[in-house]
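Here the structure is laid out as structure tokens; the discussion comes afterwards.
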Amino acid sequence: MCGIIGILSDEPVALRLVEALRRLEYRGYDSAGVATLEAGGVTRVRAPGKLINLDDKVRAARLESGVGVGHTRWATHGEANEINAHPHASGRVAIVHNGIIENFRDLRLALEARGRRFDTQTDSETIAHLIDEGLTEGLTPRDALLRAVRQLKGAYALAVIVEGEEDLMMGARQGSPLVIGVGRGEMFLGSDALAVGPFTSQVIYLEEGDACVLHRGSRSIFNTAGEEVQRPVTQIDAIAAAVDKGNYRHFMLKEIHEQPDSASRTIAAYVDAIEETVGLPDRPGGGAIDLAKVDRVQIVACGTAYYAGLAAAYWFERIARVPATADIASEFRYRSPVLSPTTLCLFVSQSGETADTRAALDLCRSQGLTTAAVVNVPTSSIAREVDAVFPTLAGTEIGVASTKAFTAQLCALLSVAIALGRHRGAVSRDRERAFARSMMERPRLLSETLKLEAETADIAIDLSRARDVLYLGRGVFYPMALEGALKLKEISYIHAEGYASGELKHGPIALVDDATPVIMVAPADELLDKSLSNLEEVATRRGKVILISTADGVTSAGPSPARTLVVPDCDPLLAPILAVVPLQLLAYAVAVEKGADVDQPRNLAKSVTVE
Ligand code: AGP
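Counting from 124, one number per residue, gives the positions in the sequence shown under the working numbering.
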């Protein structure tokens, strides 16, 4: 969940470390720090809070060294203060760590019993002590690292530097990703390819249990058994781009506005505009599964990606007539799921690094099941581990609150449902053609929907004063209600809950009063009348309803809603892709109204790589 970077070069590295951390800040921003070897000794500069605090300190420190490691933290063990900020040091060793060491208490007690003194409350400091202990016993840095990691239980990606070793940087990974960047006379370590992308296009993805020893001109990689192994060098695209807000005040707003483009790119991967067909992408890894063998779909994901999966479960059943279930990844793994060999296990993830989702994928792979992923980062761990990748082409998403990745996930999942339906004979050629046309209209209709920005900003003035907000939706709009509530919670810190509209009368209606706004997502479909009855139930109890619907739906609702937001008319099955946009805009406008930190909300991180 933290970001790590290491650089070994002939030039001073401190400012480049900070530059790389800027690209990694999406992984956590509780504190940041760098360590370099100045005149042979470990020098650390660390600061609590955002990277800007570290930037000033690093500039003032005038660090000269050509070897160093950096870290941006999402706190797990120990308060988010400077003492607990990485890098952690012990004796000759400084390390940065992403992950959680589950047995750190036992290790720490044992180390303390051997006379080691700890400065922090973190699990990570244990690793620095273990390596330094090895060095003081006369082990080589490599052997000290290998011995240390063998004692660790849990997840780690590490970058390590050692006092007196100016031409050395080491790394190791287990459960958390780590890449080596191979430059010209330079070496890099990063918690993802984005970290090293601006420095080199040659990367090596370390495999589970790997450790590496890097010198400026050479590298050695060792597997869990300590044997030297070769891992392929991969050429990556110039992914340094996109850390730029353009003319927008926040990344989130920019990303909301990018949705016509990101949906268009994603749809183009599945829909043949000339033939008007919808199929799985035929790029490498795209279509490596036999749809004829699929008679059930099990979707697994977290957070926003889970809500996309929940909507997709409706689509798989309605469109492809195949049983489908969506599960929250952190629950799925521990409920001993019973899965048949003909189940397609489908993982949805923007980052492709979410630990809960990865653990669920491991479980399915260990049972020999067919796996596929709807994923936005093609080089991510999940993308590399599944049998088939169904890409979303949303581009880099920086805002912690997912927006364009969500609509791209909906586009990809809907396409897979249509393709599967076609394969199973549940979708006729004519219906496929109609779907293809409707899909191709999405970008234009998304642009139309974005015109609601001014109205949402107006509604947000009142909404920002609420203590609680309820979101309601039926059928495929129920997951949109959940997503709307999540967006509001995570960036405005207003308590919000999403419910299935029909469930309201079974309890939550007790919460309805004139101070609790109710946002109902109900574009016209065959369930509209039922949704409007629920709307009346709220209105008669003095609840103020904000209705998001198509023009027909708004007319049918009459005077009961306090406010309305009209989304373009379209095939109701595809309407969630539009209906979620006003929910994103509302959450954004409320957060701005409240002066909240939209792109980096408190306590969150973009990529959650711990369980
Ligand atoms: C979205 O706004 C959230 N920040 C979060 O729920 C996110 O969707 C979840 O952590 C899953 O991430 P992933 O898509 O990268 O797997």
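Glycine is no exception: its CB is placed at the ideal position from the N, C-alpha and C atoms. Because the structure is a prediction, the values reported are computed rather than measured.
Thr466 and Val423 have their C-alpha atoms roughly 12 Å apart.
Per the coordinates, the alpha-carbon of Arg265 lies some 7 Å from the alpha-carbon of Val336. Distance from Gly156 to His209 at the Cβ level is roughly 5 Å; contact confirmed, criterion being Cβ atoms closer than 8 Å.
If you check the CB distance, Pro135 and Pro383 do not come in under 9 Å. Remark: the shortest separation between the CB of Gln473 and any heavy atom of the ligand AGP falls under 8 Å. In the DSSP assignment, Thr159 forms a beta bridge with Thr166 and Gly191.
The closest CA to that of Tyr371, considering only Ala316, Tyr711, Lys729 and Asn726, is found on Tyr711. DSSP, read as helix, strand or coil, puts Tyr430 in helix.
Residue burial is scored here from C-beta neighbours: Thr526 has at least 16 other C-beta atoms within 10 angstroms and is therefore classed as buried. Residue burial annotation: Leu568 is buried, with at least 16 other C-beta atoms found within 10 angstroms of its C-beta.
Only exposed fits Gly548, as fewer than 16 other CB atoms lie within 10 angstroms of its CB.
For Tyr457, the number of other beta carbons within 10 angstroms of its own is below 16, and it is reported as exposed.
Using a cutoff of 8 Å, the CB of Glu613 counts as near the ligand AGP, since one of the ligand's heavy atoms is closer than that. Cys487 has its CB no nearer than 8 Å to any heavy atom of the ligand AGP. Tyr149 and Ile521 do touch by the CB rule: their CB atoms are close to 6 Å apart, below 8 Å. At a Cβ-Cβ threshold of 9 Å, Ala316 and Val302 count as neighbours.
Short note on Thr243: C-beta not closer than 8 Å to any heavy atom of the ligand AGP. Between Leu709 and Ile642, the CB-CB gap stays under 9 Å.
A buried status is given to Ser324, since no fewer than 16 other beta-carbon atoms sit within 10 Å of its beta-carbon. The C-beta distance from Ala589 to Thr639 rounds to 7 Å, short enough to fall under 8 Å. Cβ atoms of Val445 and Val461 stay farther apart than 8 Å, at about 17 Å. A direct Cα-to-Cα measurement between His546 and Met563 gives close to 21 Å.
Gly491 and Gln274 have their C-alpha atoms roughly 30 Å apart. Going by C-alpha positions, Ile130 is about 10 Å away from His338. Remark: three or more beta-carbon pairs, one from each stretch, lie closer than 8 Å, so the segment 710 to 725 and the segment 594 to 614 are flagged as touching. Counting along the chain, no beta strand (DSSP E) covers Asp485; the unbroken alpha helix (DSSP H) around it starts and ends at Ala478 to Ser489. Annotation for Asn657: the continuous alpha helix (DSSP H) segment containing it runs Leu651 to Ala662.
The alpha carbon of Gln353 has as its nearest neighbour, out of Ile359, Gly340 and Asp333, the alpha carbon of Asp333.
Within the same chain, and ignoring the five residues on either side of Ser387 in sequence, the residues whose Cβ sits closer than 6 Å to its Cβ are Pro566. Closest in alpha carbon position to Gly222, among Asp255, Ala198, Glu202 and Thr263, is Ala198. Taking the CA atoms as reference points, Val319 sits about 7 Å from Leu312. For Thr448, the CB stays at least 8 Å from every heavy atom of the ligand AGP. Annotated three-state conformation of His546 is helix, per DSSP.
The C-alpha of Ala443 lies about 27 Å from the C-alpha of Ser474. If the five residues before and after Pro631 are omitted, its C-beta is found closer than 8 Å to the C-beta atoms of Leu593, Glu620 and Tyr622, all from its own chain and listed in chain order. Comparing alpha-carbon positions, the option among Val272, Glu187, Thr678 and Glu286 lying closest to Arg296 turns out to be Val272.
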